[in-house]
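In the working numbering, the protein residues as written are 1 to 342.
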């Protein structure tokens, strides 16, 4: 009887320990919610407050507008007030952050590194995609970039954009003064610039991904591209001030996680992603066209190996920044997601 009682006590103790472990594990399991079929996110009910997010126009920002119009951030942070807006350039988004009217924005390498070099304390939060872009002119327009030099012809989208630095890199490789076209830029957003080019009111527009293909369909001709200049797609990512990331760590990590998941979901579901992208334009561009763009050579959703170090080196050689990036931790908010080719 004594042995049986001892065994019973041991059994009860083990059952109690097992129950406790199950209770702890169950209570620590993260709650998840389905955003859409094939896409779930963790729920963080303790994040509260108002947060402002922005991204640029068009397909190149892919996972950001898709996350926005799926309501993914809102579902992850149901007790936070999430506000979205479109802001044209990285530089304009930087200025919005400096004014305190924006928490999370979108970035391309040129303006991002230039601001970082000038003392703006911000980080590349998460790579989302890469794109090609075409410098488009009318059929009777210039035959090459060099034909703009010394003329009053104008091209968009403007200084301190990805396109601006790409043209500087083009001029450097062509043995020309990298500042030879600084006065030829006109700061116009893609929709306005496209119409101006077609109407003959603009001489060139360096359009990105879907905008480039639309202009090509309108009979415009290509005289340069990112792939021609850099040998690959130009990366895009989300960015935020270091202070914002530190003060709102859970929100920053969650947003980066959402963008990775959305990029994977877009690659696995191009037709559904195209429908959301069409919604982001208010139906002005069809889902059919977006599906074509998503599977074209001018765009790809990816979340690592953005090769920012190489773009930083290019900017340093152009004289646009004083110091090229040498440490992944100086650039990325979450270096563990940067990839080997950071």
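By construction, the Cβ of each residue, glycine as well, lies at the ideal position given by its N, Cα and C atoms. Given the structure is predicted, the values throughout are model-derived calculations rather than measurements.
In the displayed model, residue 93 falls within a helix according to three-state DSSP. Only residues of its own chain outside the window of five on either side were considered, and among them 108, 110, 234 have a CB closer than 6 Å to the CB of residue 162, listed in chain order. A check of alpha carbon separations from residue 268 across 322, 36, 136 identifies 36 as the nearest.
Under DSSP, residue 300 forms a beta bridge with 130. Counting the other Cβ atoms within 10 Å of the Cβ of residue 156 gives 16 or more, which makes it buried. Judged by DSSP in its simplified three-state form, residue 314 adopts helix. If you compare the alpha carbons of 197, 325, 332 with that of residue 252, the shortest gap goes to 332. Of the residues assessed, residue 59 falls on the buried side of the cut-off, its CB having 16 or more other CB atoms within 10 angstroms. Per the coordinates, the alpha-carbon of residue 119 lies some 16 Å from the alpha-carbon of residue 244. Excluding sequence positions up to five before and after residue 213, its CB lies within less than 7 Å of the CB of 293, 296, 298, all in the same chain and listed in chain order.
When the beta-carbon positions are compared, residue 193 and residue 149 stay at least 7 Å from each other. For residue 259 and residue 44, the gap between their C-alpha atoms comes out near 16 Å. Along the length of the stretch 169-221, whole beta strand (DSSP E) runs at least 3 residues long occupy 204-208, reported in chain order.
In the structure shown, the three-state DSSP call for residue 294 is helix. For residue 230, the enclosing alpha helix (DSSP H) covers residues 226-230. Burial state of residue 174 is exposed, judged by a 10 Å Cβ sphere holding fewer than 16 other Cβ atoms.
Distance between residue 323 and residue 116, taken at the CA atoms: about 10 Å. The C-beta of residue 140 has fewer than 16 other C-beta atoms within 10 Å across all chains shown, which makes the residue exposed. In this chain, the alpha helix (DSSP H) harbouring residue 329 covers 328-331. For residue 39, the secondary structure class from DSSP, reduced to helix, strand or coil, is strand. By the neighbour-count definition (other C-beta atoms within 10 Å, threshold 16), residue 303 is a buried residue. Annotation: residue 112 is outside any beta strand (DSSP E); the continuous alpha helix (DSSP H) that includes it extends over 109-117. DSSP links residue 235 through a beta bridge to 130.
Counting along the chain, residue 51 sits inside the beta strand (DSSP E) bounded by residues 49-55. Sorting 336, 318, 342 by C-alpha distance to the C-alpha of residue 178 places 318 at the top. Within 10 angstroms of the beta-carbon of residue 271 lie fewer than 16 other beta-carbons, which makes it exposed.
Taking the CA atoms as reference points, residue 218 sits about 38 Å from residue 338.
For residue 267, the enclosing alpha helix (DSSP H) begins and ends at 249-268.
Cβ contact annotation for residue 50 (same chain, cutoff 6 Å, sequence separation greater than five): 81, in chain order. Note that the C-beta distance between residue 256 and residue 274 is not below 7 Å. Distance from the CA of residue 229 to the CA of residue 129, rounded to the nearest whole angstrom, comes to 18 Å. For a cut-off of 8 Å, the C-beta gap from residue 56 to residue 77 is around 23 Å, too long to register as a contact. Of the candidates 327, 137, 85, the residue whose Cα lies closest to the Cα of residue 215 is 137. Just measuring C-alpha positions, the residue of 189, 146, 65 sitting nearest residue 176 is 146.
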